[in-house]
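Residue numbers (the working numbering), protein chains in the order written: chain C, 14 to 388; chain P, 22 to 304. We put the beta carbon where it would ideally sit given N, CA and C, even for glycine. Below is one structure; the comments refer to it alone.
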Amino acid sequence: MRCAEPRPGSMRVRFMMWCAAAAIFLGSAAIHAHEIGTTQVSVVFQQRASYEIEIVTDAISLVEKLEALSGGTPQSLRSAAAMQVQLQTFDEVFRRRLVVGFDGSAVRPAIDYSVSGVTTATSSPVATIRLRGAVPQGARRFAWTYSWTFATYSLTVREAGTEAQTTEWLEGGQSSTPIPLALPNRPPNRATIGLRYLALGFTHIVPNGFDHMLFVLGIFLLGRRLRQVLAQVSAFTIAHSITLALSVYGIVSVSPRVVEPLIAVSIAYVAIENIFMSELKPWRLALVFAFGLLHGMGFAGALKELGLPRSEFVLALATFNLGVEAGQLAVIAAAFLLVGWYCGSRHWYRRLVVVPASALIACTAVYWTVERLGL
Amino acid sequence: MTIYRSHSSVPRRWVWLVAAALALSAGPLAAHDMWIEPTSFLPDAGKIIGVRLRVGQDFLGDPLPRDPALIEQFISVDSTGRKPVYGRDGADPAGLLRVAEPGLSILGYQSRPKPIVLPAATFNQYLKEEGLEAITELRARRNQTGSEAREIFMRCAKSLLYYGTPTDAQADRALGFTLELVAERNPYTLRAGQDLPLSLMYEGRPLSGALVVAMNRANPLAKIMGRTDKKGRVTLHLPQGGMWLIKAVHMVPAPDGANAEWASFWASLTFELKSDGTGVAAR
Numbered sequence: 014m015r016c017a018e019p020r021p022g023s024m025r026v027r028f029m030m031w032c033a034a035a036a037i038f039l040g041s042a043a044i045h046a047h048e049i050g051t052t053q054v055s056v057v058f059q060q061r062a063s064y065e066i067e068i069v070t071d072a073i074s075l076v077e078k079l080e081a082l083s084g085g086t087p088q089s090l091r092s093a094a095a096m097q098v099q100l101q102t103f104d105e106v107f108r109r110r111l112v113v114g115f116d117g118s119a120v121r122p123a124i125d126y127s128v129s130g131v132t133t134a135t136s137s138p139v140a141t142i143r144l145r146g147a148v149p150q151g152a153r154r155f156a157w158t159y160s161w162t163f164a165t166y167s168l169t170v171r172e173a174g175t176e177a178q179t180t181e182w183l184e185g186g187q188s189s190t191p192i193p194l195a196l197p198n199r200p201p202n203r204a205t206i207g208l209r210y211l212a213l214g215f216t217h218i219v220p221n222g223f224d225h226m227l228f229v230l231g232i233f234l235l236g237r238r239l240r241q242v243l244a245q246v247s248a249f250t251i252a253h254s255i256t257l258a259l260s261v262y263g264i265v266s267v268s269p270r271v272v273e274p275l276i277a278v279s280i281a282y283v284a285i286e287n288i289f290m291s292e293l294k295p296w297r298l299a300l301v302f303a304f305g306l307l308h309g310m311g312f313a314g315a316l317k318e319l320g321l322p323r324s325e326f327v328l329a330l331a332t333f334n335l336g337v338e339a340g341q342l343a344v345i346a347a348a349f350l351l352v353g354w355y356c357g358s359r360h361w362y363r364r365l366v367v368v369p370a371s372a373l374i375a376c377t378a379v380y381w382t383v384e385r386l387g388l
Numbered sequence: 022m023t024i025y026r027s028h029s030s031v032p033r034r035w036v037w038l039v040a041a042a043l044a045l046s047a048g049p050l051a052a053h054d055m056w057i058e059p060t061s062f063l064p065d066a067g068k069i070i071g072v073r074l075r076v077g078q079d080f081l082g083d084p085l086p087r088d089p090a091l092i093e094q095f096i097s098v099d100s101t102g103r104k105p106v107y108g109r110d111g112a113d114p115a116g117l118l119r120v121a122e123p124g125l126s127i128l129g130y131q132s133r134p135k136p137i138v139l140p141a142a143t144f145n146q147y148l149k150e151e152g153l154e155a156i157t158e159l160r161a162r163r164n165q166t167g168s169e170a171r172e173i174f175m176r177c178a179k180s181l182l183y184y185g186t187p188t189d190a191q192a193d194r195a196l197g198f199t200l201e202l203v204a205e206r207n208p209y210t211l212r213a214g215q216d217l218p219l220s221l222m223y224e225g226r227p228l229s230g231a232l233v234v235a236m237n238r239a240n241p242l243a244k245i246m247g248r249t250d251k252k253g254r255v256t257l258h259l260p261q262g263g264m265w266l267i268k269a270v271h272m273v274p275a276p277d278g279a280n281a282e283w284a285s286f287w288a289s290l291t292f293e294l295k296s297d298g299t300g301v302a303a304r
């Protein structure tokens with residue numbers, strides 16, 4: 014063999030070694046501890062897309078170090094406002110001794126400096142330094158180094174909107190243990206979102222949307238010819254796409270307490286009409302279109318409950334609608350294969366299939382109507 | 022007894038720059054000095070001053086808030102006796118003090134021992150910087166030069182404040198700290214360019230052969246250094262006025278049961294020296 018096969022367990026072994034190394038490092042860091050100073054650093058990640066780091070530290074000691082490093086002489090009396098200006102002036106010097114890193118490469122944050130408080134016997138001004146920036150795409154680990162303090166300080170890291178945080182005690186100049194960014198929270202890509210909402214749309218019909226399945230079956234049962242079925246399905250699809258979009262965007266808003274019983278009524282109507290009509294009339298198409306508008310509002314309610322990603326709103330809406338479509342076509346295809354294909358053209362088809370099936374659907378839909386009205 | 026003089030020809034700006042660069046580039050676990058920096062060395066009578074604790078290098082320090090778990094002694098001593106320095110836990114300044122009696126006030130802070138583990142290179146460098154050749158030799162003899170060092174360290178910081186008319190009769194004195202620098206003349210009777218005699222005590226006895234280093238707030242890289250003689254005494258020439266920090270480090274093999282190989286003691290003494298005239302006049 015010319016080269017070694019990649020061992021399947023090598024990634025895991027490397028990860029475990031990394032964990033072990035981190036544990037040893039953390040264990041020894043606890044013994045390393047110097048005296049604890051007043052500096053505190055807190056990192057907050059927003060959706061893993063951006064970060065905000067706040068350094069709270071003694072203003073005078075920081076300004077003195079910056080001054081010293083830029084060749085200035087220490088001054089004894091300073092106001093908070095003067096020190097804030099000094100910190101802003103020393104921006105480039107300050108940046109030299111801190112590292113905000115993702116996966117081993119440093120990023121350049123935007124930095125705001127503010128100083129508040131007065132120098133008295135009992136208090137001294139505090140510098141609050143805010144670092145902001147975007148988390149690089151696909152970043153896996155965050156690391157932090159701060160060399161402007163000689164004392165031990167705390168680094169806390171948390172995700173915005175959560176309580177859980179990790180705290181690490183660090184010496185000035187010591188690099189933090191790489192902090193893994195939670196991968197499950199990373200925004201999924203477009204393909205994943207599209208597929209997810211396609212599946213949600215499909216399962217909203219099959220198997221979850223029994224009422225919608227019955228409506229589609231009702232349409233199928235009346236049209237003996239494929240063209241008739243397709244005409245109705247198209248009218249239904251166009252209609253529900255319109256109200257689905259309008260409802261999701263909040264342009265149309267009708268309470269589910271109205272929509273849901275009406276959907277049941279629409280199913281009952283189609284089924285009953287199947288019993289008394291044998292041919293497709295033009296006004297039936299108009300009616301199916303109107304019912305489509307109703308069902309669209311029902312789909313919108315379901316989609317709102319599932320939640321739509323703000324970043325990929327249109328994509329999710331379109332794929333959900335496509336999924337609904339696919340679900341309906343699946344129902345028709347299954348019905349055609351089971352009944353239509355074999356007995357659709359038989360003389361007894363209407364008597365033995367269409368009428369009893371429609372009667373069953375009508376009964377179910379009437380029951381739903383009563384149930385949904387809360388009667 | 023040796024007197025080292027500072028290189029006053031080096032421009033102050035450059036000295037600061039180099040000092041800061043050296044201090045800040047030091048490894049994260051390098052040994053740091055600890056000193057007391059009161060909000061005023063020459064407090065007005067009855068006024069409350071803050072007693073700040075600082076940790077750092079070359080006079081660039083970070084505040085140490087009051088940590089009751091670390092304080093062994095935090096006291097002030099004046100002509101009326103010894104009093105504790107009070108303060109709020111977690112606060113900077115770590116202590117508050119009202120100077121009421123004329124004369125010299127001695128502030129003292131002694132910490133409890135704290136453990137630290139240093140990598141071999143850092144530890145060896147720090148032994149060299151602090152003049153602890155005896156320990157370097159001991160480590161070499163024990164074949165430990167390449168090993169990390171487990172150490173417990175203790176802070177023994179003092180500061181001298183003045184209120185009233187300074188006289189030589191009012192002098193610094195030993196507070197009984199494990200390692201202690203004692204000014205043998207009242208520094209408030211001195212002026213810039215004069216010599217300050219000091220003694221270094223370890224467990225109440227003079228410590229000979231120890232490196233004592235003095236640095237000025239405005240010129241911290243120009244270190245003035247001397248070794249203590251057989252009587253534990255050293256005289257340092259203080260070329261300029263302003264705030265001075267004098268320090269010494271002593272190390273011994275750690276006692277049994279300390280879970281460490283070495284025990285170090287960090288003595289410091291801070292005061293303000295008048296730049297002209299005949300010392301600090303009463304205000």
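Task: CA-to-CA distance, Ala281/C to Arg203/C, given in whole angstroms - done: Against the first sequence, residue 203/C aligns to sequence position 190. Against the first sequence, residue 281/C aligns to sequence position 268. Annotation: Arg203/C to Ala281/C spans about 39 angstroms, alpha carbon to alpha carbon.
Open item on the list: Assuming Glu93/P is part of the alpha helix (DSSP H), what are its boundary residues?
Closed with: Position 72 of the second sequence, counted from the start, is the residue given in the question as residue 93/P. If you look at Glu93/P, you'll find it isn't in any alpha helix (DSSP H); it sits in the beta strand (DSSP E) that goes Ile92 to Asp99.
- [ ] Please confirm if Phe286/P has its CB atom under 8 angstroms from at least one CB of chain C.
- [x] Taking the first residue of the second sequence as 1, we reach residue 286/P at position 265. Interface annotation, Phe286/P: not in contact with chain C, CB-CB separation never under 8 angstroms.
Open item on the list: Using a Cβ-Cβ cutoff of 9 angstroms, what residues of the segment 312-331 of chain C are near chain P? List them in chain order.
Closed with: Along the segment 312-331 of chain C, there is no position whose C-beta sits under 9 angstroms from a C-beta of chain P.
Open item on the list: I believe Leu293/C touches Gln241/C by the beta-carbon criterion, under 8 angstroms. Please report the beta-carbon distance rounded to the nearest angstrom.
Closed with: Residue mapping note: residue 293/C aligns to position 280 of the first sequence, counting from 1. Residue mapping note: residue 241/C aligns to position 228 of the first sequence, counting from 1. Indeed, because the Cβ distance is near 5 angstroms, the residues count as touching under 8 angstroms.
Open item on the list: Please give the ranges of any beta strand (DSSP E) in the segment 78-166 of chain P, keeping only runs that are unbroken, at least 3 residues long and fully inside the region.
Closed with: You should have 81-85, 92-99, 102-105, 116-119, 124-132 and 135-139.
Task: Contact with chain C by Val311/P, beta-carbon distance below 8 angstroms - done: Only positions 22 to 304 of chain P appear in this structure, which leaves residue 311/P out of reach.
Task: Own chain residues within Cβ distance below 7 angstroms of Phe103/C, not counting five before or after - done: Locating residue 103/C in the first sequence gives position 90, counting from the first residue. Spatial neighbours of Phe103/C in its own chain (CB-CB distance under 7 angstroms, excluding positions within 5 residues in sequence) are listed in chain order as Leu79 and Ser83.
Task: CA-to-CA distance, Leu208/C to Ala90/P, given in whole angstroms - done: The residue you call residue 90/P lines up with position 69 of the second sequence. The residue you call residue 208/C lines up with position 195 of the first sequence. Distance between the alpha carbons of Ala90/P and Leu208/C is about 58 angstroms.
Open item on the list: Within a Cβ cutoff of 7 angstroms, which residues of the same chain sit near Gln97/C, ignoring the five residues on either side of it in sequence?
Closed with: Looking up residue 97/C in the first sequence gives position 84. Correct list, in chain order: Tyr126, Ser127 and Val128.
TODO: Taking 8 angstroms as the threshold, find out whether the segment 171-188 of chain P comes into contact with the segment 201-210 of chain P through three or more Cβ pairs.
DONE: Yes, the segment 171-188 of chain P is in contact with the segment 201-210 of chain P.
Open item on the list: Using the three-state DSSP reduction, which class does Thr169/C fall into: helix, strand or coil?
Closed with: Taking the first sequence and counting its residues from 1, the one referred to as residue 169/C is at position 156. Thr169/C falls in the strand class under three-state DSSP.
- [ ] Please work out which residues of its chain come closer than 6 angstroms, Cβ to Cβ, to Trp56/P, disregarding the five sequence neighbours upstream and downstream, and give them in chain order.
- [x] Start at 1 with the first residue of the second sequence, and residue 56/P comes out as number 35. These residues qualify, in order along the chain: Arg75, Ala178, Leu266, Ser289 and Thr291.
- [ ] Give me the Cα-Cα distance between Pro59/P and Glu293/P, rounded to the nearest whole angstrom.
- [x] Taking the second sequence and counting its residues from 1, one reaches residue 59/P at position 38. Taking the second sequence and counting its residues from 1, one reaches residue 293/P at position 272. Within the model, the alpha-carbon separation for Pro59/P versus Glu293/P is close to 10 angstroms.
TODO: Establish whether the CB of Asp71/C and some CB of chain P are separated by less than 8 angstroms.
DONE: Counting from one through the first sequence, the residue named residue 71/C turns up at place 58. Yes, its Cβ sits closer than 8 angstroms to a Cβ of chain P.
Task: Exposure of Lys251/P, with buried meaning 16 or more beta-carbon neighbours within 10 Å - done: Along the second sequence, one-based indexing puts residue 251/P at 230. Exposed is the call here.
Open item on the list: Less than 8 angstroms between the C-beta atoms of Arg154/C and Leu194/C, yes or no?
Closed with: Mapped onto the first sequence, residue 154/C falls at position 141. Mapped onto the first sequence, residue 194/C falls at position 181. The Cβ atoms of Arg154/C and Leu194/C lie closer than 8 angstroms to each other.
Task: Sequence-distant residues of the same chain with beta carbon closer than 8 angstroms to Ser160/C, five excluded per side - done: As a working note, residue 160/C is residue 147 in the first sequence. In the same chain as Ser160/C, and ignoring 5 residues on each side of it, the C-beta atoms closer than 8 angstroms to its own belong to Arg110, Leu111, Gly185 and Gly186, in chain order.
- [ ] Could you please give the first and the last residue of the uninterrupted beta strand (DSSP E) stretch that includes Ser168/P?
- [x] Here residue 168/P refers to the residue found at position 147 when the second sequence is read from its first residue. Careful: Ser168/P lies outside any beta strand (DSSP E) and carries neither H nor E.
Task: Three-way DSSP call (helix, strand, coil) for Ser279/C in this model - done: As a position in the first sequence, residue 279/C is number 266, starting the count at 1. Correct three-state label for Ser279/C: helix.
Task: CB contact below 8 angstroms: Thr51/C versus chain P - done: To locate residue 51/C, count along the first sequence from 1; it is residue 38. For Thr51/C, the answer is yes, since a Cβ of chain P falls inside 8 angstroms of its Cβ.
Open item on the list: For the segment 130-146 of chain C against the segment 204-224 of chain C, do three or more pairs of beta-carbon atoms, one drawn from each stretch, fall closer than 8 angstroms, so that the two count as touching?
Closed with: By the Cβ rule, the segment 130-146 of chain C does not count as touching the segment 204-224 of chain C, because fewer than three pairs are nearer than 8 angstroms.
Task: Those runs of the beta strand (DSSP E) which lie wholly inside the segment 52-115 of chain C and span at least 3 residues - done: If we require 3 residues or more, the beta strand (DSSP E) runs fully inside the segment 52-115 of chain C come out as 63-71 and 111-115.
Open item on the list: I'd like to know if Gln78/P contacts chain C, where contact means its C-beta is closer than 8 angstroms to some C-beta of that chain.
Closed with: In the second sequence, the residue the question calls residue 78/P occupies position 57. At a cut-off of 8 angstroms between beta carbons, Gln78/P contacts chain C.
TODO: Take every Cβ of the segment 143-153 of chain P, pair it with every Cβ of the segment 253-266 of chain P, and state whether three or more of those distances are shorter than 8 angstroms.
DONE: Fewer than three Cβ pairs drawn from the segment 143-153 of chain P and the segment 253-266 of chain P lie within less than 8 angstroms of each other, which leaves the two stretches out of contact.
Open item on the list: Starting from Gln245/C, trace the alpha helix (DSSP H) in both directions and tell me its first and last residue.
Closed with: In the first sequence, counting from the first residue as 1, residue 245/C sits at position 232. For Gln245/C, the uninterrupted alpha helix (DSSP H) segment begins and ends at Leu239 to Val261.
Open item on the list: For the pair the segment 125-137 of chain P and the segment 97-108 of chain P, tell me if three or more CB-CB distances fall below 8 angstroms.
Closed with: Contact holds: three or more Cβ-Cβ distances are below 8 angstroms.
TODO: Between the Cα of Gly130/C and those of Ile264/C, Asp71/C, Gly263/C and Tyr166/C, spot the shortest distance and give me the residue it belongs to.
DONE: For the purposes of this step, residue 130/C is taken as residue 117 along the first sequence, with counting starting at 1. Selected option, being the one with the closest Cα: Asp71/C.
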